[in-house]
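Visitor: Residue numbers (this note's numbering), protein chains in the order written: chain F, 1 to 339; chain P, 1001 to 1373.
C-beta: ideal position from N, C-alpha, C; glycine also.
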Ligand SMILES: Cc1ncc(C[n+]2csc(CCOP(=O)(O)OP(=O)(O)O)c2C)c(N)n1
Ligand SMILES: [Mg+2]
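Next comes the structure, spelled out in structure tokens:
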């Protein structure tokens, strides 16, 4: 379990993320941030709130709606040795700039035989649950994790958001930092209780590749990430009343992936439920099941996966609720595997 | 700017046409003001984007009406329009079914898109209208509609709407070139409201006018520098006639004004109060009303148009709110028009299980026996 130091100071996920960025920018002149509406607005999802005041427009750069150009410019500046952070406002917009992300940012290190490296961070907002429909509600976790060459991190709370951001900026490779809108603690999009946590004032890193066991249990392993960590924990609380103890694992980073923590847990529980807010097929949930099958097939008694059932995200509330795994769905899946 | 037949502008635009534009504009304005009210229901005192009868983002176009009415007045149902994330005024001017559009915005089953699209993704093939929430990505499909018209030898045209923030996006610039090199009947209409969310124009482009983009692609580009439906009408006539005659694409930029926040819930902390006040002062609807009065249209006649427009809006909203919500299972329809034989519907471990998109007799070759595809 993650050791969280008691500090008495609680932050929202956005404040924690911003604190890490500000710290790194103070320490290192070469860190700067580019994105749409990141300066005066402070990021549509508060990802750069108040940074303009301290660092000015030269380092907190509003850029034209030209994602290919500015994300590609981040690649170039990173290869020149700087430490740019580029924000893709919604991950759904990757379509207009994917070449710079996956053919340049992600591959230049390998294609150059390690002669160049790309120490940049691509921050992006993910997730649905507020009826923003097909072009503004995806997570696309699996898409980014699938393509080799980028590290992919998905914080689920403020403590991790800060530690993962410090680690991301200091990393010598490109890191995609996917923050869930629902967890940020934005005034106009109320977050659940969980993501606001105690956060130390000082800098700290969370190493990539360490999943966190958020709740211990013996009956079933629930592997999840992002918003659904909180839904899984809520489901687990309800199940405990009925004597079912679910272990909840928060992946935290997809690349690198902590196979060991997941496999060890399934060896103990024998039952696996994967909860993902990305599309079901050819993605994250299948990957988790495959890894468990490869390493602990004999221990695996039962599997369920919950994910977006291969439909684009619909707009109307009853439609979106039907396709985005809810707390009750998770509870039901755990009951099914423990039957 | 070419005004047609060598006559001074206003004389060329009949009072009747101006009244029609006025009605479209008043309808659009009232529509946005009423949607704002409906949207805020359930979101007060604490604003929660996911609450209330209209959830999700809502980008209203109050102050943009002249750019819609002045262009769409030249269009027929067969002509294609692609609009942006701020689409309602254009949809109204293009003749999109107001009741079904409203039902869509309220997320109802009888909406234009059965509740799947919402306010940024409205499709009405009856009048060839569509919109998209991704900046500048409506341009390539508009070029495609123009390509189809050219290949089929019709006189149909396409219009692609964009905000001034979109003029630096690849999808737009590539579309200008493709349209130009193939002489396609498409008109690009840039609505310049001075802002791209919080980013003022000067921060993100060095050109004074978006119309300058046309030069680099060897097509005509004009800018209507003030928010005047009649001036837009004239500029658009030139561009659309040129397209219909098979003489290729044009670009028209129109100065409009953003009378509301970028989206509902935008506190506009980045925007000087003076700019907000100015946008309200420079009202294209008031301007057109003045113009009509000077042509002898009485206040009573204007009020009659306004009443009719308001009633239409109220009726659409009332109808929409009466419509049923979709059933959860409908989320699984419409991924394809020819669905795969059996779709697995993992619904959270519930008992919905396999849904057969097409009835498959048990045991037949197509019966996959309840397994994943
Ligand atoms: C490719 C892409 N990038 C960013 C956005 C987020 N976004 C939505 S509206 C908007 C500003 C658009 O400004 P403009 O084109 O001037 O239109 P306006 O909103 O002013 O009508 C931005 C950046 C998006 N939808 N798509
Ligand atoms: Mg604009």
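#1: In this structure, how does DSSP classify residue 1372/P when only helix, strand and coil are distinguished?
#2: Output needed in chain order: residues of the region 10-28 of chain F with a Cβ under 8 Å from some Cβ in chain P.
#3: What does residue 105/F pair with, by DSSP beta-bridge criteria?
#4: Which chain P residues are close to residue 135/F, counting only those with a beta carbon under 8 Å from its beta carbon?
#5: Is there a C-beta anywhere in chain P that falls below 8 Å from the one on residue 41/F?
#6: Exposed or buried, which one is residue 1154/P when buried takes at least 16 other CB atoms within 10 Å?
#7: What residues from the region 242-270 of chain F come within 9 Å of chain P, judged by C-beta to C-beta, listed N to C?
#8: Under the assumption that residue 1287/P contacts residue 1227/P (Cβ atoms under 8 Å), give the Cβ distance between them as a whole number of angstroms.
#9: Beta carbon of residue 1196/P: closer than 7 Å to some heavy atom of ligand 1?
#10: Name the residue from 1146/P, 1202/P and 1198/P whose alpha carbon lies nearest to the alpha carbon of residue 1178/P.
#11: For the region 1258-1291 of chain P, list every residue whose C-beta sits within 8 Å of some C-beta in chain F, in sequence order.
#12: With hydrogens ignored, establish whether the beta-carbon of residue 1032/P is closer than 7 Å to any heavy atom of ligand 2.
#13: What do you reckon, are the CB atoms on residue 1105/P and residue 1049/P nearer than 8 Å?
#14: Is any heavy atom of ligand 2 found at a distance shorter than 7 Å from the C-beta of residue 1138/P?
#15: Could you give the distance in angstroms between the alpha-carbon of residue 301/F and the alpha-carbon of residue 292/F?
#16: Once the 5 residues before and after residue 1175/P are set aside, which same chain residues still bring their CB inside 6 Å of it?
#17: Can you tell me the Cα-Cα spacing of residue 1132/P and residue 14/F, whole angstroms?
#18: For residue 319/F, which of helix, strand or coil comes out of DSSP?
#19: Tell whether a beta-carbon distance below 8 Å holds between residue 1090/P and residue 1068/P.
#20: If you follow the beta strand (DSSP E) that residue 1158/P is part of, which residue opens it and which one closes it?
#21: Give a single yes or no on whether residue 94/F has its beta carbon closer than 7 Å to a heavy atom of ligand 1.
#22: Quick test of the definition: if touching needs 3 or more C-beta pairs under 8 Å, does the region 162-177 of chain F touch the region 23-43 of chain F?
#23: Would you kindly work out how many angstroms separate the C-alpha atoms of residue 1204/P and residue 1212/P, rounded to a whole number?
#24: Short of 9 Å Cβ to Cβ, which residues in the region 47-76 of chain F face chain P?
#25: Runs of 4 residues minimum, wholly inside the region 1077-1129 of chain P: which ones carry the alpha helix (DSSP H) assignment?
#26: Along the region 115-135 of chain F, what residues have a CB closer than 8 Å to any CB found in chain P?
#27: Using 8 Å for Cβ pairs, my map puts residue 1066/P next to residue 1256/P. What's the rounded Cβ distance?
#28: With 8 Å as the threshold, decide whether the Cβ of residue 1013/P is near any Cβ in chain F.
#29: DSSP on residue 201/F, reduced to helix/strand/coil?
#30: At 8 Å on the CB atoms, spell out the chain P contacts of residue 179/F, in chain order.
#31: Counting Cβ pairs closer than 8 Å, one from the region 1025-1032 of chain P and one from the region 90-110 of chain F, do we hit at least three?
#32: Short of 8 Å Cβ to Cβ, which residues in the region 1177-1206 of chain P face chain F?
#33: Sort 1237/P, 1250/P and 1263/P by Cα distance to residue 1012/P and report the nearest one.
#34: Taking residue 138/F as part of the alpha helix (DSSP H), name the residues at either end of that continuous run.
#35: Starting from the beta carbon of residue 231/F, find every residue of chain P whose beta carbon is closer than 8 Å, and list them in chain order.
Guide: To lay it out plainly:
#1: With a pLDDT of 38 at residue 1372/P, under the threshold of 50, the modelled position of that residue is not reliable, and no figure is offered here.
#2: none
#3: Residue 105/F pairs with nothing; no bridge assigned.
#4: 1120, 1121, 1132, 1133 and 1134
#5: yes
#6: exposed
#7: none
#8: 7 Å
#9: yes
#10: 1146/P
#11: 1265, 1269 and 1270
#12: no
#13: no
#14: no
#15: 11 Å
#16: 1139, 1140 and 1143
#17: 29 Å
#18: helix
#19: yes
#20: 1158-1163
#21: no
#22: yes
#23: 15 Å
#24: 57, 62, 63, 64, 65, 66, 67, 68 and 69
#25: 1088-1094 and 1098-1105
#26: 129, 130, 131, 132, 133, 134 and 135
#27: 7 Å
#28: no
#29: coil
#30: The contacting residues do not exist; residue 179/F stays about 16 Å from chain P at best.
#31: no
#32: 1196, 1197, 1198, 1199, 1203, 1204 and 1205
#33: 1237/P
#34: Segment: none, residue 138/F is in no alpha helix (DSSP H) and carries neither H nor E.
#35: Neighbours of residue 231/F on chain P: none; closest Cβ ~10 Å, over 8 Å.
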